[in-house]
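Chemist: In the numbering used here, the protein residues as written are 56 to 464.
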Amino acid sequence: MTKVLVLGGRFGGLTAAYTLKRLVGSKAEIKLINQSRFTYFRPGLPHVAIGVRSADDLKIDLSQALPEKGIEFQEGKVEKIDAKANKVIYSKPDGSASEEEYDYVMVGIGAYLATDMMKGWDQYGYSVCEADYATKLREKLENFKGGTIAIGSGPFYQGSNPKPKVPENFVPKADSACEGPVFEMSLMLHGYFMHKKMLDKVKLTVFSPGEYLSDLSPMSRKAVASIYDQLGVKLVHNFRIKEIKEHEIVDEKGNKLESDLTIVLPPYAGNPALKNSTPDLIDDGGFIPTDLNMLSLKYDNVYAVGDSNSMTIPKLGYLAVKTGRIAAQHLANRLGVPTKIDTYYPTIVCVADNPYEGFAVSVQDDTWYGGNISIAQPAAANHLKKELFTKYFMWTKGDMALEKFLASW
Ligand SMILES: Cc1cc2nc3c(=O)[nH]c(=O)nc-3n(C[C@H](O)[C@H](O)[C@H](O)COP(=O)(O)OP(=O)(O)OC[C@H]3O[C@@H](n4cnc5c(N)ncnc54)[C@H](O)[C@@H]3O)c2cc1C
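(1) Could you check where the beta strand (DSSP E) with Leu312 kicks off and where it finishes?
(2) Helix, strand or coil: which one does DSSP assign to Glu123?
(3) Are the segment 389 to 399 and the segment 425 to 434 in contact at 8 Å, needing three or more beta carbon pairs?
(4) Answer with buried or exposed for Gly180, where buried requires no fewer than 16 other C-beta atoms within 10 angstroms of its C-beta.
(5) Just the Cα atoms here: how many angstroms apart are Ala104 and Glu84?
(6) Is the beta carbon of Glu307 closer than 8 Å to that of Lys297?
(7) Which residues bound the beta strand (DSSP E) around Met161?
(8) When the distance is taken between beta carbons, is Ser272 closer than 8 Å to Thr422?
(9) Less than 8 Å between the CB atoms is what I'm expecting for Pro210 and Arg295, so what's the real figure, rounded?
(10) Quick check on Tyr400: buried or exposed, where buried means 16 or more other Cβ atoms within 10 Å of its Cβ?
(11) Measuring CB atoms only, is the segment 316 to 329 touching the segment 341 to 350, in the sense that at least three cross pairs come out at less than 8 Å?
(12) How should Pro264 be labelled, buried or exposed, when 16 other C-beta atoms within 10 angstroms of its C-beta is the threshold for buried?
(13) So Asn331 packs on Lys135, CB below 8 Å; how close in whole Å?
(14) Three-state secondary structure (DSSP) at Lys200?
(15) Report yes if the CB atom of Leu87 is closer than 8 Å to the CB atom of Val160, and no otherwise.
(16) Alpha helix (DSSP H) containing Leu244: first to last residue?
(17) Name the DSSP bridge partner or partners of Asn89?
(18) Reducing DSSP to helix, strand and coil, say where Ala140 ends up.
(19) So Ala431 is in the beta strand (DSSP E); what residue range does that whole segment cover?
(20) If the criterion is Cβ atoms closer than 8 Å, does the pair Phe262 and Leu312 meet it?
(21) Spell out the partners DSSP gives Leu320 in its beta bridges.
(22) Starting from Glu458 and walking both ways along the alpha helix (DSSP H), at which residues does that stretch end?
(23) Of all the beta strand (DSSP E) runs that stay within the bounds of the segment 379 to 429, which reach a length of 3 or more residues?
(24) How many whole angstroms separate the CB atoms of Val406 and Trp464, which I take to be in contact at a CB cut-off of 8 Å?
(25) With a threshold of 7 Å (Cβ to nearest heavy atom), would Gly150 be considered close to ligand 1?
(26) Check each candidate in Asp454, Met173, Asp355 and name the one with the smallest Cα separation from Ala138.
(27) Is Ile470 near ligand 1 - that is, is its Cβ less than 7 Å away from at least one heavy atom of it?
(28) For Tyr399, verify whether its CB is less than 7 Å away from any heavy atom of ligand 1.
(29) Can you tell me whether Pro148 is buried or exposed? The criterion is at least 16 other CB atoms within 10 Å of its CB, across all chains shown.
(30) Measuring from the CB of Leu100, is there a heavy atom of ligand 1 at a distance below 7 Å?
(31) Please classify Met366: is it buried, with 16 or more other beta-carbons within 10 angstroms of its beta-carbon, or exposed?
(32) Does the segment 216 to 225 touch the segment 161 to 176, meaning 3 or more C-beta pairs lie closer than 8 Å?
(33) Using 10 angstroms around the beta-carbon of Met253, count the other beta-carbons present and answer buried if the total reaches 16, otherwise exposed.
(34) Excluding the five sequence neighbours on either side, which residues of its own chain have a C-beta within less than 6 Å of the C-beta of His245, listed in chain order?
(35) Within 7 Å: the Cβ of Ile423 and any heavy atom of ligand 1?
(36) To the nearest angstrom, report how far apart Val162 and Thr57 are at their CA atoms.
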């Protein structure tokens with residue numbers, strides 16, 4: 056029987072695996088490999104940091120969820136893909152090396168969040184990108200007595216060669232891989248300290264490696280700058296963070312910003328497992344270039360979905376789900392199940408939630424790609440939609456079949 060390996064168990068990999076299973080049933084054996092048995096709903100992790108949810112509320116046990124839907128699960132860390140030999144080499148939880156052959160592989164292991172590229176990270180750095188970071192930040196915030204908090208993202212090490220086979224305007228050059236969570240955290244912290252009656256003790260600085268939120272229209276950026284003006288948030292552009300110290304951060308040019316608590320979305324780079332793989336599978340940044348069906352330009356049995364794919368700019372869950380679904384639909388056709396394939400068109404879709412103040416800003420924008428949609432709408436209903444989306448994701452164990460109706464990124 057045809058064997059399909061899916062690598063990675065979050066938005067991209069899960070969508071690819073669940074969709075393919077639904078479409079092809081018993082026509083293929085599907086196995087998903089993820090480095091941990093557990094996966095977390097990432098858009099909810101900022102909520103963990105401000106104490107309105109616990110990491111356990113957002114945890115899915117893949118070793119139960121996947122077999123329930125007929126998908127095999129293997130806990131293991133992918134070390135490399137040998138695309139010429141159709142093999143994935145991985146290490147099992149006990150450290151032993153293992154390998155697995157495939158007929159098709161769908162790569163969804165995301166990007167590498169390079170905390171090691173920031174000096175001082177281990178001692179002074181905080182984040183919300185993974186469950187343990189968010190939990191650590193929550194404790195830090197609970198004990199924070201006041202001072203300056205700097206929030207921002209690290210640089211994005213985007214590849215450029217070879218380019219994916221997609222319209223050029225779909226893949227803009229980005230200084231940051233993803234600034235939505237920075238915007239969200241800046242709003243959330245305002246609400247958090249207001250709730251704690253500590254706003255007068257806290258100064259917020261938001262920094263960006265390029266122009267902040269450059270993926271949004273100039274009009275939306277202006278609106279954000281004016282919100283920050285009203286909230287007293289200092290905004291610093293072109294600050295490529297390199298070092299975190301106890302009371303300041305330093306950029307690549309030696310510029311400094313005061314910071315008693317530094318919250319960073321780390322630099323994004325290609326996943327080491329991909330950098331270790333057959334060289335012509337990846338671009339010069341370590342991401343996989345594909346066509347619009349998410350099929351590798353070099354290996355016609357390798358698909359790349361989500362953050363691992365070089366065309367998803369910025370790195371968004373919304374795009375990870377889209378690409379996961381398209382890859383599964385394309386493969387289903389090849390496995391003899393006639394299926395309509397969605398068309399990939401990038402759009403920034405995200406919701407910046409602010410639970411303590413009971414509203415969220417819902418963003419939809421395609422101006423970066425040459426379109427003319429530019430919506431940034433604050434509303435109480437958007438907060439409720441994000442709550443519903445979180446529940447939906449947890450209830451389906453990450454199966455986004457009804458994403459079109461129930462997701463509110
Ligand atoms: C704090 C935060 C909040 C966000 N909020 C939003 C939001 O509200 N809306 C939105 O659209 N996007 C959001 N994003 C972006 C979104 O989370 C990512 O774009 C999305 O998670 C990408 O999904 P993915 O499946 O491609 O990759 P990932 O989420 O990175 O998942 C990769 C999976 O593969 C596993 N893996 C990695 N390396 C290996 C390996 N070597 N071997 C085996 N397994 C491996 C990982 O453990 C993980 O389970 C947010 C990002 C962050 C950091």
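Where is the CB? At the ideal position from N, CA and C, for every residue including glycine.
Modeler: By the coordinates alone:
(1) From DSSP, the beta strand (DSSP E) with Leu312 extends over 311 to 313.
(2) Taken through DSSP and simplified to helix, strand or coil, Glu123 comes out as helix.
(3) With a cut-off of 8 Å on Cβ pairs, the segment 389 to 399 is not in contact with the segment 425 to 434, counting fewer than three such pairs.
(4) By the 10 Å Cβ count, Gly180 comes out buried.
(5) Between Ala104 and Glu84, the C-alpha separation is close to 39 Å.
(6) Taking a C-beta distance under 8 Å as the contact criterion, Lys297 and Glu307 qualify as a contact pair.
(7) From DSSP, the beta strand (DSSP E) with Met161 extends over 159 to 162.
(8) When the beta-carbon positions are compared, Thr422 and Ser272 come within less than 8 Å of each other.
(9) Separation of the CB atoms of Pro210 and Arg295 is rounded to 5 Å, and the pair is thereby assigned contact status at 8 Å.
(10) By the neighbour-count rule (16 or more Cβ atoms within 10 Å), Tyr400 is not buried but exposed.
(11) Yes, the segment 316 to 329 touches the segment 341 to 350.
(12) Pro264 counts as buried, since at least 16 other C-beta atoms from the protein chains shown sit within 10 angstroms of its C-beta.
(13) Yes, Asn331 and Lys135 are in contact; Cβ-Cβ is about 4 Å, under 8 Å.
(14) Correct three-state label for Lys200: coil.
(15) A distance of 8 Å or more separates the beta carbons of Leu87 and Val160.
(16) Leu244 -> alpha helix (DSSP H) spans 235 to 250.
(17) DSSP lists Glu130 as the beta-bridge partner residues of Asn89.
(18) In the structure shown, Ala140 sits in coil (DSSP, three-state: anything other than H, G, I, E or B).
(19) Element bounds for Ala431: 429 to 434.
(20) Between Phe262 and Leu312, the C-beta spacing is below 8 Å.
(21) Answer by DSSP bridge pairing, in chain order: Ser208.
(22) First-last of the alpha helix (DSSP H) with Glu458: 458 to 461.
(23) Within the segment 379 to 429, the runs of beta strand (DSSP E) at least 3 residues long that lie entirely inside it are, in chain order, 403 to 409, 414 to 420.
(24) Contact between Val406 and Trp464 holds, since their C-beta atoms are separated by about 6 Å, short of 8 Å.
(25) Result no, Cβ not under 7 Å from ligand 1.
(26) When only C-alpha atoms are compared, the closest one is Asp355.
(27) The requested residue 470 does not occur in the structure, where the chain is confined to residues 56 to 464.
(28) No - ligand 1 has no heavy atom lying nearer than 7 Å to the Cβ of Tyr399.
(29) If you draw a 10 Å sphere on the C-beta of Pro148, you find fewer than 16 other C-beta atoms in it, and that means exposed.
(30) Checking the Cβ of Leu100 against ligand 1 gives yes.
(31) Around the beta carbon of Met366, 16 or more other beta carbons lie within 10 angstroms, which makes this residue buried.
(32) Contact between the segment 161 to 176 and the segment 216 to 225 is absent: fewer than 3 CB-CB pairs across the two stretches fall below 8 Å.
(33) Counting Cβ neighbours within 10 Å, Met253 comes out exposed, since fewer than 16 surround it.
(34) Closer than 6 Å at Cβ, skipping near neighbours: Leu286.
(35) The sequence given here has Trp at residue 423, not Ile. Trp423: no, Cβ never under 7 Å from ligand 1.
(36) Computed Cα separation, rounded: 17 Å.
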